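Asker:
2 protein chains.
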Amino acid sequence: MVIIQNVGQYLLDNGIKPSIQRIKIFDFLMKNHEHPTVDKIFLSLSDEIPTLSKTTVYNTLKLFQSQGIVNIVNIEDHETRYDCDTSFHGHFKCLECKNLYDFELENTELNINKFEGFKITESHYYLKGLCKSCLSNKI
Amino acid sequence: MVIIQNVGQYLLDNGIKPSIQRIKIFDFLMKNHEHPTVDKIFLSLSDEIPTLSKTTVYNTLKLFQSQGIVNIVNIEDHETRYDCDTSFHGHFKCLECKNLYDFELENTELNINKFEGFKITESHYYLKGLCKSCLSNKI
DNA sequence: TATATTTTTGCAATCATTACAGATTTATAA
DNA sequence: TTATAAATCTGTAATGATTGCAAAAATATA
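Top line first, the protein sequences correspond to chains A and B. At position 120 of the first sequence (counting the first as 1) the number is 120 in the numbering used here, and the numbers step up by one without a gap. At position 49 of the second sequence (counting the first as 1) the number is 49 in the numbering used here, and the numbers step up by one without a gap.
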């Protein structure tokens, strides 16, 4: 995962004019590793930016996606989450506490070349189950 | 992938009373490997069962899921697809023709044991890109 | 300072999914 | 067979996430 010092500059480097809303939304994604939903982002930033509109959150995330600095994490239907870590990694979702954990994954570990003549541009891998703490709570 | 000769019996074996609707819906999933959406299933079966309701399709798929004979394939947000092949396999989605291809995958190929103390119950893997025929059409 | 452009906002529209209650079908018991 | 109960199916209304759109606000340009 790339460490971003200056969000404004990072946005600029990726062809995005850094408005207050855009900076705060990206910043929120960086600081909240749980891969928040639009709702979570909106509610969390509403204190800081009282005029914030949910449409802006949607628009901004769509812009981030189109510039390739944010990926969608699609595990449950009707629970679109966003991830500003664009390096290759997997996700684990705990069915009990609903938390989402990242895990590192060598691209080569999943280098499945069963698709000769196909061009692969994205690969996604996720697991579901029970996390350590939820398991120990069950005893 | 398990080959099912008698859908009615298969449903019974899995604790589902085989109504006409249930049999036809499962049968449709078996014969249509593209992992259809609710809409596709509903529209395709409307000729055969003119009284069919979309709610029934939803209810039936939910029942199949709860009995473990159908899995959800969640690749795009807002495009829930259904798969009656419950054996472990991966999916490839072509960004051009939107077709979904299955591919075999040894469970061991993805046996990532980075989660000591975690209990993993599901694992999902999918790729996106361009399929062979769409690639050759581009030349 | 005036004007053009970009960004944000709020509300209405859309679309997939679910809730629900009545209608229909199937199973059970007399 | 017939009456009754249980399960299943259906259609419509409700919900909730997302998008479209046009006006308002902010920023850039001349």
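By construction, the Cβ of each residue, glycine as well, lies at the ideal position given by its N, Cα and C atoms. Note that this is a predicted model, so its numbers are computed, not measured.
Along the chain, which unbroken stretches of the beta strand (DSSP E) at least 3 residues long are found entirely within the segment 67-111 of chain A?
Answerer: Runs found: 71-74, 80-83, 89-94, 100-104.
Asker: Quick check on this structure: which residue in Phe-88/B, Ile-69/B, Glu-106/B, Ile-20/B has the alpha carbon closest to the alpha carbon of Tyr-10/B?
Answerer: The option with the nearest alpha carbon to Tyr-10/B is Ile-69/B.
Asker: Rounding to the nearest angstrom, what Cα-Cα distance links Lys-31/B and Glu-122/A in this structure?
Answerer: Cα to Cα, Lys-31/B sits roughly 28 angstroms from Glu-122/A.
Asker: With burial defined as no fewer than 16 other Cβ atoms inside 10 Å of the residue's Cβ, what is the status of Thr-60/A: buried or exposed?
Answerer: With 16 or more Cβ atoms within 10 Å of its Cβ, Thr-60/A is classed as buried.
Asker: 7 angstroms is my cut-off, CB to CB: does Ser-66/A come that close to chain B?
Answerer: No, Ser-66/A does not count as interfacial toward chain B.
Asker: Of the residues Gln-5/A, Leu-127/A, Glu-106/A, His-78/A, which one's Cα is nearest the Cα of Leu-100/A?
Answerer: With distances taken between Cα atoms, Leu-100/A lies closest to Leu-127/A.
Asker: What are the partner residues of Thr-37/A, as DSSP defines its beta bridges?
Answerer: Thr-37/A is bridged to Arg-81/A.
Asker: How about Leu-45/A and Lys-17/A: are their beta carbons less than 7 angstroms apart?
Answerer: Not in contact: Leu-45/A and Lys-17/A (Cβ atoms no closer than 7 angstroms).
Asker: Please list the partners that Lys-119/B has in chain A, where partner means a Cβ-to-Cβ separation under 8 angstroms.
Answerer: Simply Gly-129, Leu-130, Leu-135.
Asker: Taking the Cβ atom as the reference point for each residue, do Val-7/B and Phe-26/B lie within a distance shorter than 7 angstroms?
Answerer: In this structure, Phe-26/B lies closer than 7 angstroms to Val-7/B by Cβ.
Asker: Which chain A residues are close to Ile-25/B, counting only those with a beta carbon under 8 angstroms from its beta carbon?
Answerer: Under the 8 angstroms cutoff, chain A gives no residues; its nearest Cβ is about 18 angstroms from Ile-25/B.
Asker: Phe-103/B: which of Cys-84/B, Lys-114/B, Tyr-125/B sits nearest, CA to CA?
Answerer: Nearest C-alpha to Phe-103/B: Tyr-125/B.
Asker: Grouping DSSP H, G and I as helix and E and B as strand, with all else coil, what is Arg-24/B?
Answerer: Residue 24/B is actually Lys in this sequence, not Arg. Helix.
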